[in-house]
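Residues in the sequence shown are numbered from 11 upward in steps of one, following the numbering used here.
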Amino acid sequence: MHQLTETVKILQKAALVADKQILILKRADNAKTRAGQWDLPGGNSEWPDSNETKQGLHQEDISREILEETSISTAKSMFSQPIFFDTYFDGQNQLYTVIVGWKTQLSHVPKVQLSSEHTEFVWVTRSEVELYDFGFAGEANGFIRQILSRSFV
């Protein structure tokens with residue numbers, strides 16, 4: 011399941027920063043939303059498989075998503091404090107989304123191997139961000155634009 015319940019999901023995105031650049035990914039043309047547009051690694055949190063009480067599931071989820079989408083391994087401890095938090099309600103689908111943005115500094119530019127969810131990747135500088143189409147998420151107040159702007163500081 012790609013959301014917590016039928017009416018609630020947590021969407022997490024991460025700015026992976028290396029050598030003053032951030033990794034962006036181009037969504038596949040068959041993506042459910044923002045097809046063919048650029049994005050940050052991340053995705054929806056999933057409901058835990060067990061009945062155990064756990065802390066830090068959101069950090070495990072973002073690490074898992076990054077690994078699945080890029081083959082870059084990150085530790086959940088690399089995500090200690092979100093840099094972005096917002097909510098969005100889709101009235102037509104009656105879906106409440108919590109959006110969490112993260113920034114983590116990598117020691118070097120790692121090798122990237124994309125999943126089938128994406129077709130291209132680029133490491134961009136602050137000045138290059140404007141060259142890419144992030145769809146509604148990249149508009150001035152869009153969550154991708156806000157996460158990127160907070161990550162280039």
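The C-beta atom is built at its ideal place from N, Cα and C for all residues, glycine as well.
DSSP three-state assignment for residue i, whether helix, strand or coil
i      : result
Phe99  : strand
Ile32  : strand
Gly145 : helix
Distance between residue j and residue i (C-alpha atoms, nearest Å)
i      : j      : result
Gln156 : Phe94  : 7 Å
Ser90  : Lys113 : 9 Å
Gln104 : Leu21  : 16 Å
Thr15  : Val139 : 34 Å
Leu26  : Leu124 : 15 Å
Thr17  : Tyr106 : 6 Å
Arg136 : Asn61  : 43 Å
Contact belief for residue i with residue j at Cβ below 8 Å, rounded distance in angstroms
i      : j     : result
Lys19  : Asn54 : 5 Å
Val134 : Ile32 : 6 Å
Asp96  : Ile76 : Incorrect: roughly 20 Å between the Cβ atoms, too far for contact.
Bridge-paired residues (DSSP) for residue i
i      : result
Arg37  : His128
Phe94  : Gly111
Leu26  : Thr114
Tyr106 : Val18 and Phe99
Val168 : The requested residue 168 is not part of the displayed model; the chain covers only 11 to 163.
Asn61  : Asn61 is not bridged to any residue.
Gly46  : Bridge partners of Gly46: none, in fact.
Beta-carbon gap between residue i and residue j smaller than 8 Å
i      : j      : result
Gln47  : Gly152 : no
Thr80  : Val122 : yes
Ala38  : Ser126 : yes
Ala147 : Arg44  : yes
Gly111 : Lys36  : no
Ile34  : Leu50  : yes
Residue i Cβ short of 7 Å to the ligand GDP heavy atom set
i      : result
His118 : What this structure holds is no ligand at all, so the ligand GDP is not there to describe.
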